[in-house]
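In my numbering, the protein residues as written are 699 to 1136.
All C-beta atoms, glycine included, are put in the ideal place defined by N, C-alpha and C.
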Amino acid sequence: MKHETAKSAALFERAEHVIPGGVNSPVRAFKAVGGTPRFITSATGAWLRDADGNDYIDLIGSWGPMIMGHSRPEVVAAVQEAAVKGFSFGTPSTGEVELAEEIVARVEPVDQVRLVSSGTEATMSAIRLARGYTGRAKIVKFAGCYHGHVDALLAQAGSGLATFSLPDTPGVTGAQASDTIVVDYNDAAGLETVFAEHGDEIACVITEASPGNMGVVPPRDGFTNTIRRLTRAHGALMISDEVMTGFRVSAAGWYGYEAESLGYPEGPADLFTFGKVMGGGFPAAAFGGRADVMEHLAPTGPVYQAGTLSGNPVATAAGLTTLKLTTELDVYSHISRAADILRPAVASALEAEGVAHTIQSANSMFSVFFTDHEVINYDDARTQNVERYSAFFNAMLDAGIHMPPSAFEAWFLSYAHTDEILDRIISALPAAAKAAAS
Ligand code: PLP
């Protein structure tokens, strides 16, 4: 069923006059999938309501934060309670201590955290700290890993391994990108080569703990440990970006999941970055790690980092309440079970229509690639058939299921995705698979 979208279309037209491309973050514009982006006016549980009054089951979850579903009453109450006490103090406050304690208690290698307002700020600050701590300039990132729109991290692999990348975004200067080395994800030999050539110049390797921004591409067995071994051997720091996976794939994020499943014979990362779930839908993020590294930050150390709204009391109240609920209600088991129900249903719908696909998971976080082979890096991810994803996306949208408008994203589930909601999603799959096949 096509939805009435006149009001969203009118809003989009107004927006295009005053906001570049009509959106405040590019992928929201539906450019990759076509059609009118829905302007959402309210959201409850697993549901989004748009300006025309249409309801959609939400599989975006604000790109990760909404692990409890929307407008969860306990979180609403915590936000209201915090808001009546004041919006921002610019002084130390109780909530930020409690949120920092909660993170430190969950992620064992993290002794201290500094709160910031976005994942981008977290990765940008962690890199500055790594450079300040080591006195080195170069950083290594992996192609297809997204760490926010930090200038030096927008560099991607033009080709092959260990490319000294040129900026591929106008506005990022050669100087800003020239200290960034890009390696293919899961390419242990490529990383070895880079360290053999530049080992004493490298401040840090930053990696998504288990990448979700080229679709879900988990580390092959041993890859995380290879990063750890090489960074330690060459005096560089390892930064594990858990902005997406943190507090989503387990109570202790990918760190906790991989610690249980594979262990860290070479030890954990030195620094971690967090965002999304820890803010419960509000702007709160963090970077943290070993105390001896974190103490290099001002005011204890020389590396400057600051923020007017960092540790904002309303955001910390939302984040802390969200985190507490995830363990009190065993949200991780709920989401794992939901993913276990959804994955085979998607696979069998696509199989029935003969649509090539590969479903990949980082514990409960998964994505569907429209390709017939395993995806281990960005080059693989880009071979998928994005036209099929667009057709699938639009058929799902017509059926009232709002997926991420990009083939390179995880499907975000929440505690509000009950069996009844899953049944509705599953009943929309055959038609969407048929659309993808045609
Ligand atoms: N790191 C990862 C792994 C992310 O997925 C994102 C956002 O999607 C970021 C960093 C940037 O976070 P933010 O959008 O809050 O700046």
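Item: Closest residue to A1133 among E1026, T818, D1078, F1068 (Cα-Cα distance); Value: F1068
Item: Inter-residue Cα distance where the pair is T1019 and L1027; Value: 12 Å
Item: Uninterrupted alpha helix (DSSP H) stretches inside the region 757 to 830 (no shorter than 4 residues); Value: 771 to 782, 792 to 804
Item: Segments of 4+ residues assigned as alpha helix (DSSP H) that fall wholly inside the region 975 to 1029; Value: 989 to 992, 1011 to 1026
Item: N687 burial status per 10 Å Cβ neighbour count (16 or more: buried); Value: Here the chain covers residues 699 to 1136 and nothing more, so residue 687 does not appear.
Item: Nearest candidate by alpha-carbon position, reference E806, set F1091, A1037, A982, E956; Value: E956
Item: L709, enclosing beta strand (DSSP E) - first and last residue; Value: From DSSP, L709 is part of no beta strand (DSSP E) but of the alpha helix (DSSP H) over 704 to 716.
Item: Boundaries of the alpha helix (DSSP H) in which A1126 is found, first to last residue; Value: 1117 to 1135
Item: 8 Å Cβ cutoff met for V773 and G944; Value: no
Item: Proximal residues to I717 (C-beta, below 6 Å), its chain only, five neighbours per side dropped; Value: none
Item: Straight-line gap, E800 to T1014 (C-alpha atoms, nearest Å); Value: 11 Å
Item: CB contact flag (T878, A901, <8 Å); Value: no
Item: Distance cut-off 7 Å: W952 Cβ against heavy atoms of ligand 1; Value: no
Item: 7 Å Cβ shell around A860 - same chain, five flanking residues per side excluded; Value: Only weak support is given to the placement of A860: the predicted model assigns it a pLDDT of 25, under 50, and the value that follows is read from those uncertain coordinates. The answer, listed in chain order, is I879, V881, G888, T891, V892.
Item: Heavy atom of ligand 1 within 7 Å of W761 beta-carbon; Value: yes
Item: Between the CA atoms of L1111 and D1117 - distance to the nearest angstrom; Value: 12 Å
Item: DSSP-derived helix/strand/coil call for Y754; Value: strand
Item: R747 in three-state terms, based on DSSP; Value: strand
Item: Residue of E906, V811, N722 minimising C-alpha distance to A841; Value: E906
Item: Terminal residues of the alpha helix (DSSP H) in which M699 lies; Value: Counting along the chain, M699 falls outside any alpha helix (DSSP H), and DSSP gives it neither H nor E.
Item: Any non-hydrogen atom of ligand 1 within 7 Å of G1137 CB; Value: Because the chain spans 699 through 1136 in this model, residue 1137 falls outside it and cannot be assessed.
Item: M764 beta carbon near ligand 1 (any heavy atom closer than 7 Å); Value: no
Item: Collapsed DSSP secondary structure at D1077 in the structure displayed; Value: helix
Item: M942 Cβ short of 7 Å to ligand 1 heavy atom set; Value: yes
Item: Near ligand 1: S816 beta-carbon under 7 Å from a heavy atom; Value: yes
Item: Residue from N1061, L1127, G1017, I1074 with nearest C-alpha to Y1087; Value: L1127
Item: Through-space distance from P966 to V808, alpha-carbon basis; Value: 10 Å
Item: Where G913 sits in the DSSP three-state scheme; Value: strand
Item: For T1154, the first and last residue of its enclosing beta strand (DSSP E); Value: The requested residue 1154 is not part of the displayed model; the chain covers only 699 to 1136.
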